[in-house]
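Peer 1:
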Amino acid sequence: MAAGDTDVANQPSKRKPRRRRRRSARRLHPAWLLAGAVAAGMLLGAGIVGLFWWRQPPREIVLTVPGVPDPLHTPPSQYAWTDQPAPLFPIPPYAKHLRGVSIVLDPGHIGQRDRGGTWKRGPTGLREAEVNLRVALFLREFLAAAGVDVVLTREVDRSLGLSDDDDLAARVKIANERRADLFLSIHHNGHDKPEPNFTSIFYHESPEHSRASVCAALHLLGGLADALRLEQHLDAGVLGDRLLYKNGLAVLRQARVPAVLTEASFHSNPQEEARLRDPVYNRREAYGLFLGLARWAQAGLPRVRLASGQDRAVKAGREVLLQLDDGLRGRGGWGTDSFDVLRESIEVRLNGERLDYAYDGVSERLRVTIPRSARPGPRDLYVGFQNAYGQHVLHPLVPIEIQRP
Ligand SMILES: [Zn+2]
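Take the sequence shown: its position 340, counting from 1, is numbered 391 in our numbering, and each next residue is one higher.
(1) Taking the alpha carbon of A231 as the reference point, which residue from Q349, K297, V152, A348 has its own alpha carbon closest?
(2) Let me check one thing: in DSSP terms, what residues is L393 bridge-paired to?
(3) If you draw a straight line from the alpha carbon of T250 to that of H284, how long is it in whole angstroms?
(4) Within 10 Å of its beta-carbon, does L275 have 16 or more other beta-carbons around it, so buried, or fewer, so exposed?
(5) Name the residue from D277, D292, E282, E246 whose alpha carbon lies nearest to the alpha carbon of H260.
(6) State the CB to CB distance for the pair V444 and V419, rounded to an integer number of angstroms; the pair is presumed to be in contact (CB under 8 angstroms).
(7) List the DSSP bridge partners of I252.
(8) Kindly indicate the opening and closing residues of the alpha helix (DSSP H) around I225.
(9) Whose C-beta lies closer than 6 angstroms to the C-beta of L406 among residues of the same chain, with five residues either side of it excluded?
(10) Span of the alpha helix (DSSP H) holding P264?
(11) For A337, name the three-state secondary structure that DSSP assigns.
(12) Locate the beta strand (DSSP E) running through V234, then write down its first and last residues.
(13) So what does DSSP say about G343, is it helix, strand or coil?
(14) Under 8 angstroms Cβ to Cβ from S64, same chain only, skipping five residues before and after it: list those, please.
(15) By DSSP, does P450 sit in helix, in strand, or in coil?
(16) Looking only at DSSP bridge pairs, what is P158 linked to?
(17) For the region 348 to 426, list the beta strand (DSSP E) runs that are entirely contained and at least 3 residues long, ordered along the chain.
(18) Helix, strand or coil: how does DSSP classify L5 here?
(19) So does E181 have its beta carbon nearer than 7 angstroms to some heavy atom of ligand 1?
(20) Return helix, strand or coil for L184, following the three-state DSSP convention.
(21) Does the distance between the C-beta of H160 and the nearest non-hydrogen atom of ligand 1 fall short of 7 angstroms?
(22) Could you round the C-beta distance between L149 and A439 to whole angstroms and report it? I think they count as a contact, below 8 angstroms.
(23) For Q322, does the count of other Cβ atoms within 10 angstroms reach 16, so buried, or fall short, so exposed?
(24) Got a sec? Which residues, its chain only, sit under 6 angstroms from F140 by beta carbon, not counting five neighbours each side?
(25) Under the DSSP definition of a beta bridge, which residues are partnered with G428?
(26) Applying the criterion that 16 or more other CB atoms from any shown protein chain within 10 Å of the CB defines a buried residue, is H242 buried or exposed?
(27) In whole angstroms, what is the alpha-carbon distance linking G497 and L272?
(28) What are the boundary residues of the beta strand (DSSP E) that includes V199?
(29) Can N240 and F317 be called in contact, C-beta distance under 8 angstroms?
(30) Would you mind sorting P330 into buried or exposed? The rule is 16 or more other CB atoms within 10 Å of its CB.
(31) Give the straight-line distance between the Cα atoms of Y433 and V302, rounded to the nearest whole angstrom.
(32) Does the distance between the C-beta of H284 and the nearest non-hydrogen atom of ligand 1 fall short of 7 angstroms?
(33) Based on the DSSP output, what are the partners of G153 in its beta bridges?
(34) Helix, strand or coil: how does DSSP classify Q283 here?
(35) Is the number of C-beta pairs between the region 167 to 184 and the region 218 to 228 that are closer than 8 angstroms three or more?
(36) State yes or no: is the C-beta of V449 within less than 8 angstroms of the C-beta of R356?
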C-alpha cells in the first residue's frame, strides 16, 4: 500500500475500532436492562396506585398527642349537645352588669287546677303553670344574687279569682307601673303532635314595635340553647307574636316596657314533659334565661332622659335637650370613654313625624326642636338609638308637655 494510501487506508482502519467501541457502548449491559425494566414496572405500579388513590376520598389527617383526644376524630360522647350532665350554676363575672336593672318575671297562667281537664297539660298531666312558676322562682334566685331589682307577677300556683283578661292586665300593669327594663313572661309550649320540642321567643307585633325587646329575646334564645341543649332549633327562634294571634299576645300587647315571652320547650313532648318534672332541669332553664339576661346587660342597656335642668314643659317652636346614655360609657372602666351611640341610628319622632336634631357626641346630648305646629298637651317624644354593640334604647318614649308658643 502506498504511503499516501496508508494514510487514507489507515484513517478508516483507525476509526473502525472507535465505531465499534461506540456501538459496544450503546449496547446495554443486561443488568442495566433489568434495572430499567424494574424502574418502568415501578413507575407503572405507582401510576396505578396513584389512579386508585385519586379515586379514593382524601384521607383524614390524624394528629395524635399521647393522652389527648384527637380533635379531628369522632367527638367524644361528652361533646354531644343533648347528653350533658346537669351543670353547676356559676354566676359569671359579666352578670355584674345586671346590678340595678329592673326585671318583672311573669310565670305564665294561673288557676289551671280550677279549670281541670287537659288544658295546658303534658301527656301525663304535668301542668304548664306549675313548671312556669318553678322556673321563675329559680330565675329570681339567680337574678337576686346578681343584684337585679326583680319582681314576680305571681308567687303561688292558684287562681287569684280574676278573669283571664283582668289577670293578664294585672300582670302587665306591674311592669308598666315600675317602668321595668324588661317584662319576661315564662311559658312552655304545647302541640297536638308529640314530636315538636324547640325554643321560641316572642316579641309583640313587629321588630319596630320595641326594638329593645328583640335585643333581649335574642340573648335569651342563646342562653336557653346553651342551658337546655334541645336537639331541635328553629330557623328563626325569635318571632313576632302575630304569628300566633291576629292581635298578638295580650301580655306583650299591653306592655309599655320591653317585653318578651319565652316558650323554652314543649310540655306536649313526652321526653320533655318528663324532664320538666325535674326541678334540676327547671333550674337549668332558669340558668339559661339568667345567662341570656346577663349577656343582654353586658351589651349595655341604652337609655334616654331629659337633660338635667331641662323642664318637662316645652313651648312649641323651642328646643328640648335630651341626655342619651349608651349604657357602656357610664361604666367608667378602661376604654369605656371611647364609646358613643351609633349616630346614624338616632331617630326622633313626635306623633309619628320625624324631627330634626343636633347631636353632641362628647356630652351625648341631643337637641331637638319641637315644631311650632305641634299641638299643645302631654306628648311622648320618641327617641330611638343604638349603642356600639347594637343594643336599642330600653325606653324610647320621653314624656313632655307641649305648651303654646
Ligand atoms: Zn303558656
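Quick reminder that beta carbons are idealized off the backbone N, C-alpha and C, glycines included.
Everything numeric in this text was worked out from a predicted model, so none of it was measured.
Peer 2: From the atom records:
(1) Within the sequence shown, the letter at position 180 stands for residue 231. The shortest C-alpha to C-alpha distance from A231 to any of Q349, K297, V152, A348 is the one to V152.
(2) In the sequence shown, counting from the first residue as 1, residue 393 sits at position 342. None, per the DSSP bridge assignment.
(3) Locating residue 250 in the sequence shown gives position 199, where the first residue counts as 1. Locating residue 284 in the sequence shown gives position 233, where the first residue counts as 1. When rounded, the distance between both Cα atoms is 7 angstroms.
(4) Against the sequence shown, residue 275 aligns to sequence position 224. Using a 10 angstroms sphere on the CB of L275, the tally of other CB atoms reaches 16 or more, which defines it as buried.
(5) As a position in the sequence shown, residue 260 is number 209, starting the count at 1. The shortest C-alpha to C-alpha distance from H260 to any of D277, D292, E282, E246 is the one to D292.
(6) The residue given as residue 444 occupies position 393 in the sequence shown. The residue given as residue 419 occupies position 368 in the sequence shown. The pair is not a contact, with the Cβ atoms about 14 angstroms apart (cut-off 8 angstroms).
(7) The count along the sequence shown starts at 1 and reaches residue 252 at position 201. Looking at the DSSP output, I252 bridges to V289, T313.
(8) Here the question's residue 225 lines up with position 174 in the sequence shown. For I225, the enclosing alpha helix (DSSP H) starts and ends at 215 to 229.
(9) Taking the first residue of the sequence shown as position 1, residue 406 is located at position 355. Listed in chain order, the non-local C-beta contacts of L406 below 6 angstroms within the same chain comprise V399, V419, local neighbours out to five positions each way being set aside.
(10) Within the sequence shown, numbered from 1, the residue matching residue 264 stands at position 213. Per the sequence shown, residue 264 should be read as Ser rather than Pro. It spans 262 to 279 - the alpha helix (DSSP H) in which S264 sits, taken as one unbroken run.
(11) Within the sequence shown, the letter at position 286 stands for residue 337. A337 falls in the helix class under three-state DSSP.
(12) On the sequence shown, residue 234 is found 183 positions in, with the first residue counted as 1. This sequence places Phe at residue 234; Val is not what is there. Per DSSP, F234 is one residue of the beta strand (DSSP E) stretching across 233 to 240.
(13) Counting from 1 along the sequence shown, the entry for residue 343 is found at position 292. Here G343 sits in helix by DSSP.
(14) The count along the sequence shown starts at 1 and reaches residue 64 at position 13. Low confidence applies to S64: its pLDDT is 42, below 50, so where it sits in the model is not reliable, and the reading given next is rough at best. Correct list: empty, nothing qualifies.
(15) Along the sequence shown, one-based indexing puts residue 450 at 399. In the displayed model, P450 falls within a strand according to three-state DSSP.
(16) In the sequence shown, the residue the question calls residue 158 occupies position 107. Looking at the DSSP assignment, P158 forms a beta bridge with I237.
(17) Every beta strand (DSSP E) stretch that sits fully inside the region 348 to 426 and reaches 3 residues is listed by chain position as 354 to 357, 364 to 366, 370 to 376, 398 to 401, 408 to 411, 416 to 420.
(18) Residue 5 lies beyond the stretch modelled for the chain, which goes from 52 to 456, so this question has no answer here.
(19) The sequence position of residue 181 within the sequence shown is 130, counting from 1. E181: no, Cβ never under 7 angstroms from ligand 1.
(20) On the sequence shown, position 133 is the one that residue 184 refers to. Helix at L184.
(21) As a first step, residue 160 is located in the sequence shown; it is residue number 109 there, counting from the start. In this structure, H160 has its CB closer than 7 angstroms to one or more heavy atoms of ligand 1.
(22) Here the question's residue 149 lines up with position 98 in the sequence shown. Here the question's residue 439 lines up with position 388 in the sequence shown. Taking 8 angstroms as the upper bound for CB-CB distance, L149 and A439 are not in contact here, some 19 angstroms apart.
(23) If you number the sequence shown from 1, residue 322 lands on position 271. Exposed is the call here.
(24) Against the sequence shown, residue 140 aligns to sequence position 89. Here the set comprises Y338.
(25) Looking up residue 428 in the sequence shown gives position 377. Answer is I453.
(26) Residue mapping note: residue 242 aligns to position 191 of the sequence shown, counting from 1. Around the beta carbon of H242, a 10 Å sphere encloses fewer than 16 other beta carbons of the protein chains shown; the residue is thus reported as exposed.
(27) Here the chain covers residues 52 to 456 and nothing more, so residue 497 does not appear.
(28) As a working note, residue 199 is residue 148 in the sequence shown. Where V199 is concerned, there is no enclosing beta strand (DSSP E), given that its DSSP letter is neither H nor E.
(29) Counted from its first residue, the sequence shown places residue 240 at position 189. Counted from its first residue, the sequence shown places residue 317 at position 266. Contact annotation: N240 and F317 have beta-carbon atoms nearer than 8 angstroms.
(30) By one-based count along the sequence shown, residue 330 stands at place 279. Counting C-beta atoms within 10 angstroms of its own C-beta, P330 has fewer than 16 neighbours from the protein chains shown and is therefore classed as exposed.
(31) Taking the sequence shown and counting its residues from 1, one reaches residue 433 at position 382. Taking the sequence shown and counting its residues from 1, one reaches residue 302 at position 251. Rounded to the nearest angstrom, the two C-alpha atoms are 22 angstroms apart.
(32) Taking the first residue of the sequence shown as 1, we reach residue 284 at position 233. Between ligand 1 and H284, a heavy atom-to-CB distance of less than 7 angstroms is absent.
(33) The sequence position of residue 153 within the sequence shown is 102, counting from 1. Here the sequence assigns Ser to residue 153, which means Gly is not the residue at that position. Paired residue(s): D200.
(34) Taking the first residue of the sequence shown as 1, we reach residue 283 at position 232. Three-state DSSP puts Q283 in coil, outside helix and strand.
(35) As far as the Cβ criterion goes, the region 167 to 184 does not touch the region 218 to 228, which means the pair count is below three.
(36) As a working mapping, residue 449 is identified with position 398 in the sequence shown. As a working mapping, residue 356 is identified with position 305 in the sequence shown. Between V449 and R356, the CB-CB gap stays under 8 angstroms.
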